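These notes concern the structure reproduced below.
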Amino acid sequence: MIAPYFGNSVYVWGSLIGVFLAALSVGYVVGGRISTRWPHPGPFLTLVFLAGAATFPIPHFAGAALGDIAARDYGPRANPLIGSAVLFFIPSALMATISPYAVRLRARSVEGVGNVAGMLYALSTLGSIVGTLLAAFVLISALGVRSIIQILGGTEMALAVAGLLWTRRAGAAAGAAAGMAVV
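Going by the numbering used here, 1356 is the number at position 179 of the sequence shown; the sequence numbering is gapless.
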């Protein structure tokens, strides 16, 4: 998505990785704070929905945003950094709120928090590995990056809505279970 505008240099890769890591840091802190204040499935699923809503439109505005940055030409280091931040910081930060929130909802006692966190982060990392390899070896050539981004955003929104509906029908315990399924 960024390569047609700024190439495939170490600056592009460094910018993408740096923006995602910064967004993860911010999202983890925000998710932890929100989960402490509102330890319920509803706000958790709202964050999942917002992450999807922020992800889904990326392909629609990416060309205009990246074209504008390229036209202004902030330089070979700044261009991909600004472009990466504009496209991916907010959706990634919102996605990052989900993990600490899931730990808060799943943990039943202080003594069990470490086990819950370890299991959720292991599952999250395993999902990331599978997603990375599946995208690299199959999905990008079959669907393209733009479609994958929209599928990701749409799936997050659909899972959040399903979880919210389940919460209303079956109560908070079922909603929490639906929320954990999202993670």
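From the three backbone atoms N, C-alpha and C, an ideal C-beta is built for every residue, glycine too. Source: prediction; values computed, not measured.
If you run the structure through DSSP and keep just helix, strand and coil, what is residue i?
{"i": "threonine 1213", "result": "helix"}
{"i": "alanine 1339", "result": "helix"}
{"i": "aspartate 1250", "result": "coil"}
{"i": "tryptophan 1190", "result": "helix"}
{"i": "valine 1360", "result": "Confidence at valine 1360 is low in this model, with a pLDDT of 49, below 50, so its placement is unreliable and no value can be given for it."}
{"i": "glycine 1184", "result": "coil"}
{"i": "isoleucine 1325", "result": "helix"}
Rounded to whole angstroms, what is the Cα-Cα separation between residue i and residue j?
{"i": "phenylalanine 1126", "j": "proline 1277", "result": "A question about residue 1126 goes unanswered here, because the residues of the chain that appear run from 1178 up to 1360."}
{"i": "phenylalanine 1183", "j": "alanine 1247", "result": "7 Å"}
{"i": "valine 1287", "j": "arginine 1281", "result": "10 Å"}
{"i": "alanine 1294", "j": "arginine 1283", "result": "9 Å"}
{"i": "leucine 1227", "j": "serine 1186", "result": "31 Å"}
{"i": "isoleucine 1267", "j": "glycine 1289", "result": "31 Å"}
{"i": "methionine 1307", "j": "glycine 1291", "result": "A small fix is needed here, since residue 1307 is valine in this sequence, not methionine. Between valine 1307 and glycine 1291, the C-alpha separation is close to 24 Å."}
Here's the rule: buried if 16 or more other CB atoms are within 10 angstroms of the residue's CB, otherwise exposed. What is residue i?
{"i": "tyrosine 1251", "result": "exposed"}
{"i": "phenylalanine 1233", "result": "buried"}
{"i": "leucine 1224", "result": "buried"}
{"i": "phenylalanine 1238", "result": "exposed"}
Using a Cβ-Cβ distance under 8 Å, would residue i count as near chain B?
{"i": "asparagine 1256", "result": "The structure shown contains no chain B; it is built from a single protein chain."}
If I measure Cβ to Cβ from residue i and keep anything under 8 Å in the same chain, skipping five residues before and after, which residues do I get?
{"i": "valine 1360", "result": "Reliability of the predicted coordinates at valine 1360 is poor, the pLDDT of 49 falling under 50, and the value obtained from them is presented with this limitation in mind. If we look at valine 1360 and ignore the five residues flanking it on each side, its Cβ neighbours are Ile1275, Ser1276, Ala1279, Leu1297, Leu1300, Ser1301."}
Smallest Cα separation from residue i: which of the options?
{"i": "glycine 1260", "options": "Ile1211, Ser1186, Ser1192", "result": "Ser1192"}
{"i": "alanine 1255", "options": "Val1207, Val1196, Glu1288", "result": "Val1196"}
{"i": "alanine 1270", "options": "Ile1306, Gly1289, Leu1198, Trp1343", "result": "Leu1198"}
{"i": "proline 1253", "options": "Ala1180, Gly1295, Ser1324, Arg1345", "result": "Ala1180"}
{"i": "alanine 1242", "options": "Val1307, Gly1229, Val1263, Ser1186", "result": "Val1263"}
{"i": "alanine 1231", "options": "Trp1343, Tyr1188, Gly1331", "result": "Gly1331"}
Please return the same chain residues whose Cβ sits closer than 6 Å to the Cβ of residue i, not counting the five positions on each side in sequence.
{"i": "leucine 1316", "result": "Ile1325"}
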